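A.B. asks:
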Amino acid sequence: MDDRPQPRHGIASLALLGSFALALPGGSRAAVATKKNRALLAILALSPGLQATRQRLADLLWGDRAEAQARSSLRQSLTGLRRELGGTEAAILQTRDDTVALRPGAIAIDVADFLNLADSGEIAGLRRAASLYRGELLVDMAIHAPAFDDWLAGERQHLADRAILVLEKLSTMERGEARIEVAKRLVGLDNLREASHRALMLAYLEAGENGLALKQYETCRKLLKDELGAEPATATRDLRQRLSQGAATPPPATSHDPALDARPSIAVLPFADLSGDAAQDIFCEGLALNIVASLGRFHELFVIDRFSTLAYRGRPVTSAQAAGELAVRYILEGSVQKAGDRIRVSVQLVDGAENRQLWTETYDRQLTDIFAVQDEITGTIIGPLASGYGGRLGKAWRDKSQPGGLDSFVAMDHFRMGWMPLILPRRGWSASGNNWARQSFAIRDLPRLIAR
Numbered sequence: 000m001d002d003r004p005q006p007r008h009g010i011a012s013l014a015l016l017g018s019f020a021l022a023l024p025g026g027s028r029a030a031v032a033t034k035k036n037r038a039l040l041a042i043l044a045l046s047p048g049l050q051a052t053r054q055r056l057a058d059l060l061w062g063d064r065a066e067a068q069a070r071s072s073l074r075q076s077l078t079g080l081r082r083e084l085g086g087t088e089a090a091i092l093q094t095r096d097d098t099v100a101l102r103p104g105a106i107a108i109d110v111a112d113f114l115n116l117a118d119s120g121e122i123a124g125l126r127r128a129a130s131l132y133r134g135e136l137l138v139d140m141a142i143h144a145p146a147f148d149d150w151l152a153g154e155r156q157h158l159a160d161r162a163i164l165v166l167e168k169l170s171t172m173e174r175g176e177a178r179i180e181v182a183k184r185l186v187g188l189d190n191l192r193e194a195s196h197r198a199l200m201l202a203y204l205e206a207g208e209n210g211l212a213l214k215q216y217e218t219c220r221k222l223l224k225d226e227l228g229a230e231p232a233t234a235t236r237d238l239r240q241r242l243s244q245g246a247a248t249p250p251p252a253t254s255h256d257p258a259l260d261a262r263p264s265i266a267v268l269p270f271a272d273l274s275g276d277a278a279q280d281i282f283c284e285g286l287a288l289n290i291v292a293s294l295g296r297f298h299e300l301f302v303i304d305r306f307s308t309l310a311y312r313g314r315p316v317t318s319a320q321a322a323g324e325l326a327v328r329y330i331l332e333g334s335v336q337k338a339g340d341r342i343r344v345s346v347q348l349v350d351g352a353e354n355r356q357l358w359t360e361t362y363d364r365q366l367t368d369i370f371a372v373q374d375e376i377t378g379t380i381i382g383p384l385a386s387g388y389g390g391r392l393g394k395a396w397r398d399k400s401q402p403g404g405l406d407s408f409v410a411m412d413h414f415r416m417g418w419m420p421l422i423l424p425r426r427g428w429s430a431s432g433n434n435w436a437r438q439s440f441a442i443r444d445l446p447r448l449i450a451r
């Protein structure tokens with residue numbers, strides 16, 4: 000059975016999630032044979048206003064060629080695409096001056112429908128969004144154009160993140176077998192994401208399958224050990240303990256109940272990229288990921304899972320609102336701006352309960368010093384939190400700062416971050432990811448520190 004979007008009355012339908020498919024207004028399928036033409040349509044469909052300049056299209060698809068040759072290749076591609084669209088191309092495709100566009104209102108795009116439904120608070124909307132995510136963006140696409148590959152990896156990551164959030168919300172609304180199936184799919188999107196395993200454990204528990212829930216914990220534990228050399232997080236171990244003790248109503252996997260957990264709680268929101276360069280997304284992700292991982296080393300803190308805050312990327316929200324939604328006391332947020340070989344990281348820590356800014360700081364550094372900036376930010380956060388927690392956090396940080404303490408943590412952070420482009424769900428290999436890995440692995444004395 001073909002579950003791809005069917006033609007809507009009077010307009011075309013473009014499917015990009017999973018395998019590429021284009022249904023023309025009359026109901027027939029358009030045979031867009033060349034991968035470059037499929038990629039061209041995808042770029043337009045995901046661009047603001049459904050349009051892109053000829054220069055951008057040429058750079059993404061033929062960036063390895065001379066400018067004149069790239070422009071010529073784009074003209075040939077557009078000619079071939081018009082032929083493939085037949086008599087309907089004028090209704091769908093629009094070229095004007097130096098711009099190529101899809102005509103608004105003339106084509107329905109599954110990605111746009113998915114993103115609109117992903118923000119739904121209703122179970123019907125979330126179910127429809129989940130059904131639209133049939134697989135990663137252009138799953139069968141491989142054209143070996145470096146700029147396009149980087150663009151595609153970023154778009155795939157963004158959509159995979161949204162799919163995870165959709166399935167996570169849906170798993171709290173469904174019941175019985177439907178909840179189990181949603182949670183299984185959640186694990187399938189990223190089997191190294193512990194929150195997904197916890198969601199499946201809870202789904203099994205609700206269905207009375209305590210044994211399957213415990214078996215899922217063992218599956219999660221083995222995956223983490225084999226793939227990352229890590230043990231399950233405290234939240235996962237606590238859930239397993241409650242299951243083994245026969246607890247009937249463990250807390251939701253991604254929630255934090257302040258009444259049951261007296262530890263200071265904090266969430267690190269996605270860092271905003273002020274550089275206007277999509278290639279810096281991985282840098283922003285890496286900075287937030289490293290801070291979350293560094294804070295997570297302190298058992299005196301409750302730190303919200305990094306993936307649970309992805310919904311706030313690009314979303315205008317106040318710190319107090321985010322703190323309320325995530326049920327945490329503190330919110331860390333910031334921005335990154337890169338100019339040449341220098342970088343500026345601005346950070347602020349907010350007490351969400353009192354809607355009060357605790358501190359704000361700006362770090363201007365050479366790009367090569369970014370790892371030191373990450374550790375400095377983490378160390379600065381500990382101070383305000385420690386002052387409200389009897390000094391235990393401050394002592395824990397000082398202990399890790401002694402010779403042989405913090406160094407080993409820093410080294411392992413950098414080693415982990417080098418693999419981050421592959422560990423993050425569905426990101427895959429890319430030129431920008433390779434550069435990130437080189438910077439991470441090149442830190443001075445990394446082999447010596449890891450060997451300790």
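Take the sequence shown: its position 317, counting from 1, is numbered 316 in numbering that gives the first Met the number 0, and each next residue is one higher.
In this text, a Cβ means the ideal position worked out from N, Cα and C, and glycines have one as well.
In this text, all values refer to a predicted model and were calculated from it rather than measured experimentally.
1. Given residue 215, which residues of its chain have a CB within under 7 Å of its CB, disregarding the five upstream and five downstream residues?
2. Name the two residues that bound the continuous alpha helix (DSSP H) containing residue 66.
3. Just verifying my parser: in three-state terms, what is the DSSP assignment at residue 341?
4. Compare the Cα-Cα distances from residue 111 to each of 66, 189 and 49 and report the closest residue.
5. Is residue 254 buried or exposed, if buried means 16 or more other CB atoms sit within 10 Å of its CB?
6. Could you say if the stretch 15-33 and the stretch 51-60 meet the contact criterion of at least three C-beta pairs nearer than 8 Å?
7. Residue 363 bridges to which residues according to DSSP?
8. Quick check: the Cα distance between residue 220 and residue 352, rounded to an integer number of angstroms?
9. Distance, Cα to Cα, residue 266 vs residue 335?
10. Less than 7 Å between the C-beta atoms of residue 76 and residue 115, yes or no?
11. Specify the secondary structure class of residue 332 as computed by DSSP and reduced to three states.
12. Whose C-alpha, out of 207, 191 and 238, is nearest the C-alpha of residue 227?
13. Judging by CA-CA distance, which residue of 46, 150, 356 and 136 is the nearest neighbour of residue 20?
14. Assign residue 234 to one of two classes, buried (16 or more other C-beta atoms within 10 Å of its C-beta) or exposed (fewer than that).
15. Counting pairs of Cβ atoms below 8 Å between the stretch 303-319 and the stretch 344-364, do you hit three or more?
16. Give a yes or no on whether the C-beta atoms belonging to residue 113 and residue 60 are separated by under 7 Å.
17. When you compare only the Cα positions, how much space is there between residue 230 and residue 210?
18. Hey, out of 264, 87 and 177, whose CA is closest to residue 327's CA?
19. Going by the CB atoms, is the gap between residue 193 and residue 232 shorter than 7 Å?
20. Is residue 12 helix, strand or coil by DSSP?
21. Could you give the first and the last residue of the continuous alpha helix (DSSP H) run that contains residue 171?
22. For residue 92, which three-state DSSP category applies?
23. So what does DSSP say about residue 52, is it helix, strand or coil?
24. Quick one: measure Cβ to Cβ for residue 62 and residue 69, integer angstroms, because I've assumed they're closer than 8 Å.
25. Using 8 Å as the threshold, is the stretch 87-102 in touch with the stretch 171-184, meaning 3 or more CB pairs across them?
26. When burial is assigned at 16 or more other CB atoms within 10 Å of the CB, is residue 225 buried or exposed?
27. With respect to the beta strand (DSSP E) encompassing residue 99, which residues constitute its N-terminal and C-terminal limits?
28. Would you mind reading off the limits of the alpha helix (DSSP H) that contains residue 468?
29. From 143, 58 and 30, pick the residue whose C-alpha is nearest to that of residue 85; which is it?
30. How many Å lie between residue 310 and residue 269 at the Cα?
31. Over the uninterrupted alpha helix (DSSP H) stretch that includes residue 186, give me the two end residues.
32. Alpha carbon to alpha carbon, how far is residue 345 from residue 357? Give it in angstroms, no decimals.
33. In terms of residues, what are the limits of the alpha helix (DSSP H) holding residue 110?
34. Which class does residue 249 belong to by DSSP, given the choice of helix, strand or coil?
35. Residue 168: beta carbon under 6 Å from a heavy atom of the ligand GDP?
36. Taking the DSSP output, what are the residues bridged to residue 349?
C.D. replies: This is what the structure holds:
1. Contacts found: 196, 199, 200 and 203.
2. Residues 66-84.
3. Of the three classes helix, strand and coil, the one that applies to residue 341 here is strand, per DSSP.
4. Ranked by Cα distance from residue 111, the options 66, 189 and 49 are led by 49.
5. The predicted position of residue 254 is uncertain, since its pLDDT is 46 and thus under 50; a value taken from the coordinates is nonetheless stated next. Residue 254 should be labelled exposed.
6. No, the stretch 15-33 does not touch the stretch 51-60.
7. Its beta-bridge partners are 343.
8. Using only the alpha carbons, I get a separation of about 35 Å.
9. Rounded to the nearest whole angstrom, the CA to CA distance from residue 266 to residue 335 is 18 Å.
10. In this structure, residue 115 does not lie closer than 7 Å to residue 76 by Cβ.
11. Of the three classes helix, strand and coil, the one that applies to residue 332 here is strand, per DSSP.
12. For the residues 207, 191 and 238, the minimum Cα distance to residue 227 belongs to 191.
13. Nearest C-alpha to residue 20: 136.
14. Its Cβ being crowded by 16 or more others within 10 Å, residue 234 is buried.
15. Counting Cβ pairs under 8 Å, three or more are found: they touch.
16. At the C-beta level, residue 113 and residue 60 stay beyond 7 Å of one another.
17. Going by the C-alpha atoms only, they are around 21 Å apart.
18. That would be 264, whose Cα lies nearest to the Cα of residue 327.
19. Judged by beta-carbon spacing, residue 193 lies within the 7 Å limit of residue 232, meaning their Cβ atoms are closer than that value.
20. Strand.
21. From DSSP, the alpha helix (DSSP H) with residue 171 extends over 145-172.
22. DSSP places residue 92 in strand when its eight states are reduced to three.
23. Three-state result, residue 52: strand.
24. The beta carbons of residue 62 and residue 69 sit about 7 Å from each other, so the pair counts as a contact at 8 Å.
25. Too few Cβ pairs lie closer than 8 Å, so no.
26. Classification of residue 225: exposed, given that the 10 Å Cβ count is below 16.
27. Looking at the DSSP string, the run of the beta strand (DSSP E) that includes residue 99 is 98-101.
28. Because residue 468 is not part of the residues shown, which for the chain are 0 to 451, the question remains open.
29. Minimum Cα distance to residue 85 is reached at 30.
30. Answer to the nearest angstrom: the Cα atoms are 9 Å apart.
31. For residue 186, the enclosing alpha helix (DSSP H) stretches over residues 175-188.
32. Between residue 357 and residue 345, the C-alpha separation is close to 14 Å.
33. Its alpha helix (DSSP H) spans residues 109-117.
34. Model confidence at residue 249 stands at a pLDDT of 43, short of 50, so the residue's coordinates are unreliable; what they give is reported in the following sentence. Taken through DSSP and simplified to helix, strand or coil, residue 249 comes out as coil.
35. The model depicted lacks the ligand GDP and carries no ligand whatsoever.
36. Looking at the DSSP assignment, residue 349 forms a beta bridge with 330 and 356.
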